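Residue numbers (our numbering): 195 to 1229.
Each residue gets a CB set at the ideal place from its N, CA and C atoms; glycine is no exception.
Because the structure is a prediction, the values reported are computed rather than measured.
These notes are about the structure you will find just below.
Here it is as structure tokens:
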């Protein structure tokens, strides 16, 4: 997400700015569509750098000249340089001797401007980043408003890129301070030319409305752009006593309130039969056809269209599970295909008979390679077409949508859209989920949707999005966000929620006419009434008003059956928890006009600082404040001295120091760390000589220290890897003369698209011999894993620490924060080492999973408790003089379980277990871990035994079951035979063999293939419903 430049103010300046802006009754924070310029006057002095740059001083450069050079260049003297305009250009270069990234600014102040809107634009070329900013100034030089253009990554030599900052509003007496800001790594460069400040024709300006939120107008938004919400849970909520009100505080049908707020589409999910054999609802709204008809009729009554979201399941369908309805469980594929067609047609016909205005139908929900029990694309595509056929027969004007998720994954949508095209799937709209805390940047969202729209002539949209307006949980059942490790680019406030939704709308609109709309997911799913958790649980159970009820155990025992409970998104609604609308509900209306309100602080950002033990702890005197108009300032903070003194005197550990800014509170997390013995551990320094890189057989394409803000954890650089071919490299650092003692080593790694046979590990060598290694995984963009090797015994040896990575094509990621530190100075014990692979508290969900959360319905946290009686068969109590202990690590496969054994317990000991991420693995009160999805999770084991407490951890690495061909043959001559074999990981059973074309090659039940004629064929191996293929060329 692109962020505005931070402007520093003091309180007095802010007060003056606010007063001035109120006096002029025009708060210039929004950008509006205006006609093209009719005044061609360039109000900049020497915008094309044709004069004497250094002598005229029209532009004031600012940089560190020890690390940067700036030069005037005459085009005629540099024949290989493409001319932008005129005869001269400005060149800047970050010297290759610089040790870190450099910023260079060129600033000019313009006075005497007439009131109106202006655009600041120009051209740049090079390999750095350029951002244009403009600050309007009052008569005393105080900043009134700052505008920031999009940061532009320049595309290389002799390609001039346009940069701009548009719709800058100037009122009487104001000047403008204009800045060209460039940022680049050592040895980066750039050229600047052709800058202009032009006045725009404001005859068609749409003035923003006065409101209680700021909304930046979305330019060029079509009048029929879909502004939708999914309120599937509303009937169950109303049945539980939830009431909804209008802006005046009067009780009102929520559908009228939504329509009045600019909503023009309602989305409703349909499950075939979300009830158990006794008629008890599974929850999540108990959304069957009957409820969909109720919702559809109310939507139509208030002039809104309906999007029907068929899950083709009896409960939640998402990337993790696509279970066929109970009634279809034993059908053949052909029978299932026919049933899906009939069910779709009958359901839509019933809805049309109620005069419901159906505008669109979804065939499946988040069907990422799975759908209605099928896991191979040919079958999935046939089911899509069965649904499409039924929809076309009911009403050919209804749009057909297919819904996927995880747009952040490289080439995912490129591959999906190609599969759909290759299989002749009939559909109109390619829809995606986009939750900003999981699914990458908005620029990427626009790019992947644009690819599908432009390549296959499809409409595109966001079918689900949401954002938090508070961090508070209202109903006692934990929420999906905010959580550690999530990307939260906006304040967790109502204004932050507004900004998020507005920007998602803008990202889809930027696709062009093919970008047709955005749906917000469950903005009305607030807490049900009840003064106690038990009272709310009763309503969740009785009316299906929570995300799942206990009755769902019949259909979904591993997820809903264990973690049933309330709303996981009550902090992401457009209503407060009494049913009154929040200002954010009007974002759909205000994106057409823009909206303004009084300027005030919206949030203060908490901060984190790290110090090495022995360093002086000095906290910053200011913290960043974010105003509701999205400007940012640094505000003076007063820190609690008792908290600060504790952090200074208590040694290694993590401390919270409280602070105050006016009426706001802010926390500073102070982490005091032991010394890191590694040099350049975060790859911030250009000097990489201390690291030894072995690019084995030169197999990795992109490998090394890079400045990449999208893939860093801290700072501005990381060690990045990617290749179109396979990857195979090691990276390590060797140290000598370490003091004797025990050490720990860890690092951070993130990335994705690793092959099934990937081998990623960190390792320690003592005097060149491997002492210990620990495997880790790639769990997605910004889902950082932190594998660690502990208790490394060092006693006058050379110590080498590093990482090894082997994987298939298109694996990508980055490495950061390598850390080797001393634990103690005790005599090293060579048998002491251990390893863990942990993500800490990072949420590694690959998708939004908005129907699940990390809290059991039977408790208000993730902890389950057992006594020694519960563990009689699982624990070793033969030696109670030792501290309790557990295994450090365990690797299991999805669907498998593992029971943690706690040793050295007395008979009265109490043990609790907690999973850091239940989407990866759950744990019950007896320590039984059930693997659910690939990733790494930490099970915290708390033991209370004989008045002593112990905190233990077990790192569980969950891998996806896999079938791996053990063969290396890629071709076979006609008439020849070959015996194929596979390795099963986490699977058991008979392998079923087949080929894609029996005329090219046949294969028997033992895996023996015989080549029959020239061509290309795929060999399929199938075990327990999982299929893999192997490409074979017959010559």
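| Beta-carbon separation of residue 286 and residue 256 under 9 Å? | no
| Since residue 340 and residue 825 are thought to touch, with beta carbons under 8 Å apart, how far apart are those beta carbons, to the nearest angstrom? | 6 Å
| field | Identified DSSP bridge partners for residue 307 | value | DSSP output for residue 307 lists no bridge partner at all.
| Cβ atoms of residue 858 and residue 830: under 9 Å apart, would you say? | no
| query | When you compare only the Cα positions, how much space is there between residue 946 and residue 974? | reply | 5 Å
| Cβ neighbours of residue 569 in the same chain (closer than 6 Å, five flanking residues each side left out) | none
| For residue 695, which option in 411, 745, 978 and 528 has the closest C-alpha, if you only look at C-alpha atoms? | 411
| message | I'd like to check one pair, residue 1083 with residue 1151: are the Cβ atoms closer than 9 Å? | response | yes
| field | Proximity test, residue 235 beta-carbon vs the ligand NAP heavy atom, cut-off 8 Å | value | Inclusion of the ligand NAP in the displayed structure is not the case, the ligand content being empty and no account of it being possible.
| request: Assign residue 610 to one of three DSSP states: helix, strand, or coil. | output: helix
| task | Measure the alpha-carbon distance for residue 606 versus residue 632 and round it to whole angstroms. | result | 15 Å
| task | Below 6 Å CB to CB, which residues in the same chain sit around residue 1214 once its five sequence neighbours on both sides are set aside? | result | 1188, 1221 and 1223
| Which two residues bound the contiguous alpha helix (DSSP H) that contains residue 533? | 527-546
| residue 1059 - DSSP class collapsed to helix/strand/coil | Here residue 1059 scores only 37 on pLDDT, less than 50, and its place in the model is too uncertain to base an answer on.
| Residue nearest to residue 500 in terms of C-alpha spacing, selected from 423, 526 and 476 | 423
| Taking the DSSP output, what are the residues bridged to residue 953? | 1000
| query | Can you pull the DSSP bridge partners for residue 371? | reply | 303 and 329
| query | First and last residue of the alpha helix (DSSP H) that includes residue 572? | reply | 571-588
| query | Comparing alpha-carbon positions, which option in 777, 1173, 968 and 1209 lies nearest residue 790? | reply | 777
| request: Could you check which residue in 312, 346, 248 and 371 has the C-alpha nearest to that of residue 336? | output: 371
| field | Cβ contact check for the region 599-619 and the region 572-579: 3 or more pairs under 8 Å | value | yes
| For residue 703, three-class secondary structure by DSSP | helix
| Looking only at its own chain, which residues have a Cβ that is under 7 Å from the Cβ of residue 811, when we skip the five neighbours before and after it? | 805, 841, 842 and 864
| message | Nearest by alpha-carbon distance to residue 427: which of 1078, 462 and 458 is it? | response | 462
| said: Taking 8 Å as the cut-off, does the region 591-609 touch the region 626-642 (at least 3 CB pairs, one atom from each stretch)? | reply: yes
| Using a Cβ-Cβ cut-off of 7 Å (strictly less than) and excluding sequence neighbours within five positions of residue 279, which residues of its own chain qualify? | 242, 387 and 388
| field | Residue closest to residue 671, alpha-carbon to alpha-carbon, out of 1225, 713 and 719 | value | 719
| query | residue 615: buried (16+ other C-beta within 10 angstroms of its C-beta) or exposed? | reply | exposed
| Name the DSSP beta bridge partners of residue 929, please? | 993
| field | Neighbourhood of residue 1146 by C-beta, 6 Å cutoff - its chain only, sequence neighbours within 5 removed | value | 1080 and 1135
| field | residue 190 burial status per 10 Å Cβ neighbour count (16 or more: buried) | value | In this structure the chain extends from 195 to 1229, so residue 190 is not present and cannot be described.
| field | residue 626, buried or exposed, once every other Cβ within 10 Å from all chains shown has been counted against 16 | value | buried
| request: Using 10 angstroms around the beta-carbon of residue 884, count the other beta-carbons present and answer buried if the total reaches 16, otherwise exposed. | output: exposed
| query | Do you know offhand how far residue 1113's Cα is from residue 1086's? | reply | 15 Å
| said: Let's test the definition: count the other Cβ atoms within 10 Å of the Cβ of residue 743 and tell me whether it reaches 16, buried, or not, exposed. | reply: buried
| request: Give the straight-line distance between the Cα atoms of residue 759 and residue 792, rounded to the nearest whole angstrom. | output: 40 Å
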